[in-house]
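Participant: Could you have a look at this structure, given as structure tokens, before my questions?
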Amino acid sequence: MQISPITACQTGSSTGFLQVDVVSSQNNFPISGANISISSDQAPDAILEQTTTNSSGQTENLTLGAPPLEYSLTPGNPRPYSTYHIHITAAGFKSVDISGTEILSGATAIQNVRMEPEDDTTPQPNDIMIPDHTLYATYPPKIAESEIKPVNETGEIVLSRVVVPQTIVVHDGVPTNSSATNYYVPYRDYIKNVASSEIYATWPQATIMANVLAIMSFTLNRVYTEWYRGKGYDFTITSSTAFDHKWIYGRNIYESISTIVDEIFDNYLSRPGVRQPILTQYCDGRQVQCPDWMTQWGSCALGEQGYSAIDILRYFYGDSIYINTAEEISGIPISWPGYDLTIGTSGDKVRHVQQQLDTVATIYSSIPRITADGIYGPSTAAAVRQFQSIFGLPQTGVIDFATWNKISHIYVAVTGIAELN
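Numbering (our numbering), first residue to last: 6 to 426.
Rendered as structure tokens:
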């Protein structure tokens with residue numbers, strides 16, 4: 006059953022926010038002192054803002070013009086976001102130009118930038134064009150598939166359990182386009198990119214969570230079944246909306262989406278008696294209709310009506326759908342202990358995360374250095390709060406699931422334990 010689109014419940018401030026985060030493509034280290042110039046895409050030569058990155062490679066939050074909030078809450082309105090051009094330069098690095106960074110009213114956009122050292126011999130795209138959002142522009146509709154894959158076909162179902170991968174190999178085109186580039190993308194970064202490309206960050210939190218769960222379950226189905234590798238391809242998933250999700254190289258993400266992904270990235274959707282994650286397909290519900298699938302605009306309406314994330318999902322996929330948790334997370338040196346670490350906690354888990362956090366502090370110098378003594382005291386809490394501030398987490402000073410895994414993720418990135426592209 007479909008529901009009526011929502012009406013705008015309030016008028017937006019007509020401004021949004023932008024933070025630019027700059028790291029080296031060679032080692033993921035932050036680049037301080039990078040020069041950032043921002044202009045409207047409609048007038049790229051007219052500079053609106055100029056700033057530089059701090060020791061963490063980040064700019065302050067910049068306030069930029071955006072269309073009214075209600076444009077992103079009701080389908081069929083004019084484009085609900087404004088687009089900006091960003092020019093980035095830094096000593097010893099090749100300049101980067103990004104066009105199409107999207108600013109929504111009241112939302113914080115995060116534009117991640119990877120700068121290539123001048124002597125790098127493996128070039129990457131330095132002129133990035135972000136196309137329009139899938140809810141505004143027209144993209145090919147999803148080709149319907151069975152939500153549960155057969156287990157007896159050669160090349161499929163090679164895993165005995167559901168594992169969150171460290172890296173997703175994204176084929177930037179349709180499966181048969183052999184000239185399309187394959188990108189190696191950290192799993193969480195992939196989910197944040199897709200969600201920012203396919204839903205609006207201004208939507209209710211429950212709606213964002215429901216859509217993120219659907220995206221993750223679909224992705225983990227591709228991982229679990231080795232869907233494309235079983236067909237002879239060398240990638241995990243494509244960027245084509247006809248086959249998978251819309252992933253866009255170099256696009257900005259949103260803080261509200263990023264926070265939710267960090268909190269629930271080990272989840273997926275299940276049905277009773279089915280081992281594999283469910284291939285949860287969906288459509289926008291305005292340009293394309295899809296009976297028995299979730300519609301993105303419909304999920305927004307339900308969120309506005311107070312539905313929880315699981316109630317939204319059950320509305321579209323049926324009452325048997327439920328949220329499950331992956332048995333393993335790849336790329337995490339030591340798994341989450343299952344409880345929060347806070348002042349007064351002690352033991353090996355504290356010592357382990359202190360060692361990781363202090364290593365990160367050698368690169369992100371605004372984080373206070375700490376001693377790995379296995380005792381969670383005020384100095385550890387202060388270092389955790391600064392880490393949380395840099396990486397967009399609630400600044401509690403407590404190491405919860407999201408903070409533990411974010412520390413591990415950044416530690417792996419800056420130490421080169423595993424390649425993060």
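Even glycine gets a Cβ: it sits at the ideal position worked out from N, Cα and C. Note that the coordinates shown come from a computational prediction; the quantities given were computed from them, not determined experimentally.
#1: Given a cut-off of 7 Å, decide if residue 140 and residue 206 are closer than it, judged by their beta-carbon atoms.
#2: Please classify residue 182: is it buried, with 16 or more other beta-carbons within 10 angstroms of its beta-carbon, or exposed?
#3: Going by C-alpha to C-alpha distance, which of 356, 392, 359, 380 sits closest to residue 372?
#4: Inspect the CB distances between the segment 255–262 and the segment 274–287 and report whether three or more fall short of 8 Å.
#5: Relative to the alpha-carbon of residue 263, which residue among 414, 196, 84 has its alpha-carbon at the smallest distance?
#6: Going by DSSP, what residue range makes up the alpha helix (DSSP H) through residue 200?
#7: Please confirm whether residue 101 and residue 59 have their CB atoms less than 7 Å apart.
#8: Once the 5 residues before and after residue 217 are set aside, which same chain residues still bring their CB inside 8 Å of it?
#9: Straight-line CA distance for residue 376 to residue 277?
#10: Return the Cβ separation of residue 319 and residue 326 in integer angstroms, given the expectation that the two are a contact with Cβ distance under 8 Å.
#11: If distances are taken between C-alpha atoms only, which option among 70, 96, 370, 339 comes closest to residue 356?
#12: Would you say residue 57 lies against chain B (beta-carbon separation less than 7 Å)?
#13: Classify residue 489 as buried or exposed, calling it buried when 16 or more other Cβ atoms lie within 10 Å of its own Cβ.
#14: Considering only DSSP beta bridges, list what residue 70 is partnered with.
#15: Would you give the residue range spanned by the alpha helix (DSSP H) that residue 216 belongs to?
#16: Give me the DSSP bridge partner(s) of residue 104.
#17: In chain order, which alpha helix (DSSP H) runs of at least 4 residues are fully inside the segment 366–416?
#18: Runs of 3 residues minimum, wholly inside the segment 259–344: which ones carry the beta strand (DSSP E) assignment?
#19: Consult DSSP for residue 364 and reduce its assignment to one of helix, strand or coil.
#20: Measuring only the C-alpha atoms, how far is residue 308 from residue 290?
#21: Measure the CB-CB distance between residue 169 and residue 271 and report whether it falls below 7 Å.
#22: Taking only the alpha-carbon atoms, compute the straight-line gap between residue 348 and residue 145 and give it to the nearest angstrom.
#23: Just to confirm the assignment, what range does the beta strand (DSSP E) spanning residue 53 have?
#24: Tell whether a beta-carbon distance below 7 Å holds between residue 88 and residue 24.
#25: Any idea what DSSP makes of residue 357, helix, strand or coil?
#26: Can the beta-carbon of residue 20 be found closer than 7 Å to that of residue 57?
#27: Since residue 176 sits in a beta bridge, which residues does DSSP pair it with?
#28: What residue does the beta strand (DSSP E) around residue 44 start on, and which one ends it?
#29: In this structure, what does DSSP give as the bridge partners for residue 26?
#30: Taking a contact to mean a Cβ-Cβ separation below 7 Å, would you say residue 352 touches residue 171 in this structure?
#31: By the three-class DSSP mapping on this structure, what secondary structure does residue 77 have?
#32: Just the C-alpha distance for residue 90 and residue 107, rounded to the nearest angstrom, thanks.
#33: What three-state label does DSSP hand residue 419 in the structure shown?
#34: Which word fits residue 279, buried or exposed, when buried means at least 16 other C-beta atoms lie within 10 angstroms of its C-beta?
#35: So, at 6 Å on beta carbons, what are the nonlocal neighbours of residue 212 in its own chain, with the 5 sequence-adjacent residues on each side left out?
#36: I'd like the list of long-range same chain contacts for residue 387, defined as Cβ closer than 8 Å, with 5 residues on each side in sequence excluded.
Facilitator: Well, looking at it:
#1: no
#2: exposed
#3: 392
#4: no
#5: 196
#6: 192–203
#7: no
#8: 196, 200, 262, 265, 266, 269
#9: 47 Å
#10: 6 Å
#11: 339
#12: Among the protein chains of the structure shown there is no chain B, as only one such chain exists.
#13: Examination of residue 489 is not possible in this model, given that the chain is present from 6 through 426 alone.
#14: 20
#15: 210–230
#16: 90, 134
#17: 383–395
#18: 272–275, 327–330
#19: helix
#20: 15 Å
#21: yes
#22: 52 Å
#23: 48–57
#24: no
#25: helix
#26: no
#27: 187, 243
#28: 40–45
#29: 63, 117
#30: no
#31: helix
#32: 10 Å
#33: helix
#34: exposed
#35: 304, 305, 308
#36: 373, 402
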